[in-house]
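Worksheet for the structure shown next.
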Amino acid sequence: MLVLGWLVWDIIENTARNLQKANIAAGYGFLERTAGFGIIQRLVPYTEASSYGRALFIGLLNTLLVAGLGIILATILGFIVGIARLSSNWLISRTAAAYVEILRNIPLLLQLFFWYFVVLRSLPGMREKWTLFDGVHMNIGGLHVPRLVPGEGIWLVIAAVPVAIAAMLVVTRWAHAHQARTGIRPPVGLINTALFIGLPLAAFLATGRPLHIDLPVFNETGPLLRRGFQAGSGMTIIPEFVGLLLALTLYTATFIAEVVRAGIQGVNRGQTEAARSLGLRSGQTLRLVVLPQAMRIIIPPLTNQYLNLTKNSSLAVAIAYPDLVSVGGTVLNQTGQAVEIVSIWMLFYLGLSFLTSAVMGYFNKRVALVER
Amino acid sequence: MSVTTDTFVRDDLLPAKAPPRNTVGVVGWLRQNLFSTPLNGVMTIIILAFIVWTVTPFIRFTLIDAVWTGPDRSVCATATGACWAYVKAYLPQFIYGRYPIGERWRVDLVFVLLLIGLIPMLIPRVPYKALNAIFLIGVFPVVAYILLTGGHHQFVGSLIPSSLMAPSPLRFAVQYAVFSAVILGLLALYARLAGRPISRTTTPAAMILGYIAVILVLVSLDFGLVPVETANWGGLLVTLVVAITGMVAAFPLGILLALGRRSNMPVVSLASTIFIEVWRGVPLITVLFMASVMLPLFLPEGVTFDKLLRALIGVTLFQAAYMAETIRGGLQAIPRGQYEGAMALGLGYWQMMRKIILPQALRIVIPGIVGSFISLFKDTTLVIIIGLYDFLGQIQASANDAKWASPVTGLTGYIFAAMVFWAFCFAMSRYAAFTERRLDRGRR
Chain G
17 MLVLGWLVWD IIENTARNLQ KANIAAGYGF LERTAGFGII QRLVPYTEAS SYGRALFIGL
77 LNTLLVAGLG IILATILGFI VGIARLSSNW LISRTAAAYV EILRNIPLLL QLFFWYFVVL
137 RSLPGMREKW TLFDGVHMNI GGLHVPRLVP GEGIWLVIAA VPVAIAAMLV VTRWAHAHQA
197 RTGIRPPVGL INTALFIGLP LAAFLATGRP LHIDLPVFNE TGPLLRRGFQ AGSGMTIIPE
257 FVGLLLALTL YTATFIAEVV RAGIQGVNRG QTEAARSLGL RSGQTLRLVV LPQAMRIIIP
317 PLTNQYLNLT KNSSLAVAIA YPDLVSVGGT VLNQTGQAVE IVSIWMLFYL GLSFLTSAVM
377 GYFNKRVALV ER
Chain X
252 MSVTTDTFVR DDLLPAKAPP RNTVGVVGWL RQNLFSTPLN GVMTIIILAF IVWTVTPFIR
312 FTLIDAVWTG PDRSVCATAT GACWAYVKAY LPQFIYGRYP IGERWRVDLV FVLLLIGLIP
372 MLIPRVPYKA LNAIFLIGVF PVVAYILLTG GHHQFVGSLI PSSLMAPSPL RFAVQYAVFS
432 AVILGLLALY ARLAGRPISR TTTPAAMILG YIAVILVLVS LDFGLVPVET ANWGGLLVTL
492 VVAITGMVAA FPLGILLALG RRSNMPVVSL ASTIFIEVWR GVPLITVLFM ASVMLPLFLP
552 EGVTFDKLLR ALIGVTLFQA AYMAETIRGG LQAIPRGQYE GAMALGLGYW QMMRKIILPQ
612 ALRIVIPGIV GSFISLFKDT TLVIIIGLYD FLGQIQASAN DAKWASPVTG LTGYIFAAMV
672 FWAFCFAMSR YAAFTERRLD RGRR
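Structure below.
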């Protein structure tokens with residue numbers, strides 16, 4: 017204990033002396049100062065005149081954006097691949113296995129470099145485009161998609177979504193009760209889909225279509241400097257974001273696929289056989305019998321993968337996607353406030369870890385076996 | 252009255268009929284595995300088309316259209332396939348970085364020693380595992396360190412004021428002797444107060460201090476090797492140094508942390524838990540940043556660590572947290588009866604751990620340890636971000652070299668890097684699966 021205390025004291029003293037020598041004032045006061053550098057992707061207003069604190073906040077939002085989207089996409093892909101690996105179709109299961117074994121064993125950073133420096137850099141130049149489908153184009157400047165411009169009354173449409181979800185819950189309840197009473201299951205899926213799409217759509221039409229689509233404008237002719245996509249039209253998703261999202265999704269999906277496969281294989285075979293002998297179709301068996309039980313095994317390691325994806329999103333710094341670490345690195349270079357920046361990073365990631373664990377812990381409790 | 256019997260009893264088996272034509276052979280296999288239902292058939296065709304669509308260009312690029320030999324970029328400038336000539340020209344750089352050409356035999360020797368130590372360790376049937384482990388963990392790192400850096404360190408000591416004693420190796424030796432004596436004295440005092448035999452408490456500590464002294468003497472000896480700065484290291488050498496040092500150094504630390512987390516002493520358990528959770532909660536990049544920008548701040552004036560050492564410290568602490576959790580899993584899998592049995596025999600805590608619990612726990616977690624090493628191996632690529640040139644960094648840097656720059660150079664480099672990393676990681680994961688199966692069989 018004494019030795020440890022002395023060590024800590026020594027470290028603090030050294031740090032204070034070194035900071036003084038480098039003329040750096042300790043503390044978080046620097047967050048108020050003007051940043052003076054631009055950021056290529058911002059979800060909320062930011063200019064070069066904004067403060068360092070604002071810049072870090074922009075970075076934080078960017079991290080959350082790429083991690084959140086990555087988690088959703090990786091989960092979808094991971095579940096598909098994980099189930100495909102257990103398919104009775106030899107080709108499908110082998111393809112899924114090959115995908116998992118290849119991408120899982122290559123460092124994420126290398127994959128990120130591949131997508132960003134090779135694939136996205138070989139897209140057509142700024143004055144050309146490559147059309148994926150109507151309204152969605154790609155070139156070296158990024159992904160150009162239509163932008164949705166909300167008009168007046170859009171809040172009604174947005175408010176219709178929770179209303180629809182509430183209605184869906186009511187319908188599901190009623191359907192269960194109806195099935196228990198009469199043995200006939202109403203077409204819940206159909207009704208719910210209709211509700212989920214119909215209610216917001218009705219609100220949308222009723223308020224006079226308060227959403228207008230701003231297509232990206234592309235000039236093919238005219239003076240050379242005016243060709244290409246016009247600034248201010250449509251929405252441009254920067255290639256750094258596309259590359260990072262691709263790499264994170266494809267890499268993490270392999271791990272999620274393995275988690276899902278292990279979870280499904282962890283469910284006793286008797287369960288599948290019993291379900292089949294009750295007359296459930298294979299899709300129903302998977303959805304109603306196997307997956308709910310597999311979720312118990314899947315959720316804890318799945319949480320880990322979500323955390324890994326979030327932490328791995330910090331690789332953004334390698335391709336200069338402005339996430340928290342990348343922006344923080346720039347601030348660090350400008351101000352030299354190493355201790356403060358690193359502490360902000362650590363606090364953010366630790367906080368996120370705890371939050372994710374808490375949320376997934378709640379989910380886990382809900383699906384866990386109730387033991388008596 | 253005659254009884255006619257028309258019962259018929261067959262006294263031999265009928266030969267089996269040939270199975271239906273469409274359930275055997277290639278056709279049967281196809282029907283069963285690829286076209287069992289119409290939906291399956293459609294999926295098969297879609298996947299097949301997808302495979303052809305992705306694999307054909309890859310094979311064309313890497314094999315058919317590839318350029319295999321050539322002196323410089325002119326052969327690859329117009330190529331539509333991989334430029335393997337470039338990989339061939341840069342291979343030494345990819346392996347050694349900027350390590351002086353005349354000294355590269357030292358790196359080779361280290362690689363060979365590593366293989367000599369590692370291969371028998373990995374094959375379960377080879378005997379003398381304990382000796383082998385001592386060589387790998389105790390001897391090999393020291394030899395490798397001396398070979399790679401050149402050794403011949405000048406220790407001069409800094410704690411005793413220069414007015415009392417001029418800076419010299421002797422001053423360092425005196426300091427070390429005083430330091431060791433103080434530690435041993437404190438331990439003896441503690442043992443005395445706790446009423447334990449003094450020799451049993453101090454002997455392990457004395458052995459550790461003696462071992463460190465031997466290492467210090469060895470690295471300060473002049474073997475006539477030219478010193479090579481770590482700034483000149485690069486390529487696969489750096490990747491392996493970071494991964495293996497991180498692993499070897501993190502191993503004992505991980506064991507201590509795992510034991511600490513399960514300890515009954517609240518302070519120790521809390522401190523270990525906080526340490527583990529903090530390192531596991533943050534990305535490796537922030538740890539590396541911290542090691543590269545914050546460590547220099549923590550040190551007294553005049554003391555500097557080189558970049559590689561800073562990265563190694565960061566990686567080791569990070570890896571130790573993950574190792575601790577893996578090992579804790581093993582500790583928890585040991586039945587309580589083992590602990591109780593050991594205690595009933597009168598073994599002390601460390602004796603119980605060393606002789607009963609750890610040997611069993613560590614054997615269980617071998618697959619987990621290999622898995623954790625695979626992630627560390629992949630994560631070593633992140634040292635690029637703090638300016639070290641590992642295998643990937645070296646490839647990335649060389650692709651822009653004017654001598655070989657061409658449209659396909661970058662992609663070729665990445666494919667080569669991917670193949671090498673893949674081969675390493677895949678082999679290790681197969682090994683982990685193999686030990687897992689073996690352990691499973693042993694327990695059944």
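For the protein sequence lines, the chains are G and X, in the order given.
Each residue of the first sequence is one higher than the last, beginning at 17 in this note's numbering.
Each residue of the second sequence is one higher than the last, beginning at 252 in this note's numbering.
The beta carbon of each residue, even a glycine, is placed where N, CA and C say it ideally should be.
Beta-carbon neighbours of X/Thr537, restricted to chain G and to distances below 8 Å: The contacting residues are Ser330, Val341, Val358, Trp361, Met362 and Tyr365.
I want to know whether the stretch 117-126 of chain G touches the stretch 655-672 of chain X - three or more CB-CB distances under 8 Å. They touch, by the three-pair rule.
Counting only the same chain and skipping the five closest in sequence on each side, list residues whose C-beta sits under 7 Å from that of G/Thr91. Ile272, listed in sequence order.
Can you pull the chain X neighbours of G/Val333, defined as C-beta to C-beta under 8 Å? Neighbours of G/Val333 in chain X, taken as residues whose beta carbon is under 8 Å from its own, are Ile536 and Ile636 in chain order.
Hey, how far is the Cα of X/Glu485 from the Cα of X/Leu398? Strictly speaking, residue 485 of chain X in this sequence is Gly, with Glu absent from that position. Annotation: X/Gly485 to X/Leu398 spans about 15 Å, alpha carbon to alpha carbon.
Chain X within 8 Å of G/Thr268, Cβ atoms only: Not closer than 8 Å to any Cβ of chain X, the Cβ of G/Thr268 fails to qualify, so no.
Of the residues X/Ile374, X/Ala584, X/Pro534 and X/Val465, which one's Cα is nearest the Cα of X/Ile636? Checking every option, the nearest Cα to that of X/Ile636 belongs to X/Pro534.
What does the Cβ neighbour count give for X/Ser450, buried or exposed, with the cut at 16 atoms within 10 Å? X/Ser450 should be labelled exposed.
Within a Cβ cutoff of 6 Å, which residues of the same chain sit near X/Pro249, ignoring the five residues on either side of it in sequence? Because chain X is modelled from 252 through 695, residue 249 of chain X falls outside the range shown and cannot be assessed.
Under 9 Å between beta-carbons, which chain X residues line up against G/Pro123? List them in chain order, please. Around G/Pro123, the beta-carbon contacts reaching into chain X at under 9 Å are Phe628, Lys629, Asp630, Thr631, Thr632, Leu633, Leu643, Ala668, Ala669, Phe672 and Cys676.
Straight-line gap, X/Ile370 to X/Val363 (C-alpha atoms, nearest Å): X/Ile370 and X/Val363: Cα-Cα distance of roughly 11 Å.
Given that X/Tyr665 touches chain G, what residues does it touch there, using C-beta distances under 7 Å? Neighbours of X/Tyr665 on chain G, chain order: Leu126, Phe129, Phe130 and Val134.
Got a sec, what are the start and stop residues for the beta strand (DSSP E) X/Val338 sits in? Segment Trp335 to Tyr347 is the alpha helix (DSSP H) holding X/Val338; no beta strand (DSSP E) there.
Cβ of G/Trp25 within 8 Å of any chain X Cβ: It does not; no Cβ of chain X falls within 8 Å.
Would you mind reading off the limits of the beta strand (DSSP E) that contains X/Ile585? Per DSSP, X/Ile585 belongs to no beta strand (DSSP E) and is neither H nor E.
Find the residues of chain G that neighbour X/Val544, judging by a C-beta separation of less than 8 Å, and give them in chain order. Identification of chain G residues near X/Val544 by a Cβ-Cβ cut-off of 8 Å yields Leu348, Ala354 and Val358, ordered along the chain.
I'd like to know whether the C-beta of G/Gly327 is nearer than 8 Å to at least one C-beta of chain X. As written in the sequence, residue 327 of chain G is Lys, which differs from the Gly given in the question. Using beta-carbon distances, G/Lys327 counts as an interface residue toward chain X, with a partner under 8 Å.
Within the continuous alpha helix (DSSP H) that includes G/Gly75, where are the two ends? In the DSSP assignment, G/Gly75 falls within the unbroken alpha helix (DSSP H) covering Tyr68 to Arg101.
Taking only the alpha-carbon atoms, compute the straight-line gap between X/Ile646 and X/Leu487 and give it to the nearest angstrom. It is roughly 10 Å from the alpha-carbon of X/Ile646 to the alpha-carbon of X/Leu487.
Out of X/Phe474, X/Ser431 and X/Ser471, which one is the CA nearest neighbour of X/Thr454? Closest by C-alpha distance to X/Thr454, out of X/Phe474, X/Ser431 and X/Ser471, is X/Ser431.
By the 7 Å beta-carbon criterion, what residues does the stretch 94-114 of chain G contribute toward chain X? Those would be Ser104, Asn105, Trp106, Leu107, Ile108 and Thr111, in chain order.
Residues bridged to G/Val152 by DSSP? Paired residue(s): G/Phe149.
Consult DSSP for G/Met251 and reduce its assignment to one of helix, strand or coil. DSSP places G/Met251 in strand when its eight states are reduced to three.
Got a sec, what are the start and stop residues for the beta strand (DSSP E) X/Pro351 sits in? For X/Pro351, there is no enclosing beta strand (DSSP E), as DSSP marks it with neither H nor E.
For X/Phe312 and G/Gly299, what's the separation of their Cα atoms in angstroms? Spanning the alpha carbons of X/Phe312 and G/Gly299 requires a straight line of approximately 40 Å.
Per-residue burial, G/Gly227 [other beta carbons within 10 Å of its own, 16 or more giving buried]: A small correction: the amino acid at residue 227 of chain G is Leu; Gly does not occupy that position in the sequence shown. Around the beta carbon of G/Leu227, a 10 Å sphere encloses fewer than 16 other beta carbons of the protein chains shown; the residue is thus reported as exposed.
State the DSSP-derived secondary structure class of G/Arg11, mapped to helix, strand or coil. Limits of chain G in this structure are 17 at one end and 388 at the other, which puts residue 11 of chain G out of reach.
Which residues, taken in chain order from the stretch 564-584 of chain X, show a beta carbon closer than 7 Å to some beta carbon of chain G? Against chain G - using a Cβ distance shorter than 7 Å - the stretch 564-584 of chain X contributes no residues.
Closest Cβ-Cβ distance between X/Pro551 and chain G: below 8 Å? It does: the Cβ of X/Pro551 has a partner Cβ on chain G nearer than 8 Å.
What whole-angstrom Cβ distance do G/Ala310 and G/Ile280 have, given they're in contact under 8 Å? At roughly 5 Å, the Cβ-Cβ gap stays under 8 Å, so G/Ala310 and G/Ile280 are in contact.
Enumerate in chain order the residues of its own chain whose CB-to-CB distance from X/Phe474 is below 6 Å, with the five nearest sequence positions on each side excluded. Excluding residues within five positions, the ones whose Cβ falls inside 6 Å are Gly402.
Assess, as a yes-or-no matter, whether the stretch 326-333 of chain G is touched by the stretch 59-73 of chain G under the definition of 3 or more beta carbon pairs within less than 8 Å. With the cut-off at 8 Å, the stretch 59-73 of chain G and the stretch 326-333 of chain G do not touch.
Flag this pair as touching only if the stretch 522-539 of chain X and the stretch 629-643 of chain X have three or more C-beta atom pairs under 8 Å; answer yes or no. Result yes; three or more Cβ-Cβ pairs closer than 8 Å.
Among G/Glu168, G/Ile200 and G/Ala247, the one whose alpha carbon lies nearest that of G/Gly224: Checking every option, the nearest Cα to that of G/Gly224 belongs to G/Glu168.
According to DSSP, is G/Phe234 part of a helix, a strand, or is it coil? DSSP places G/Phe234 in strand when its eight states are reduced to three.
How about X/Ala330 and X/Val338: do their beta carbons lie closer than 8 Å? Contact flag unset, no.
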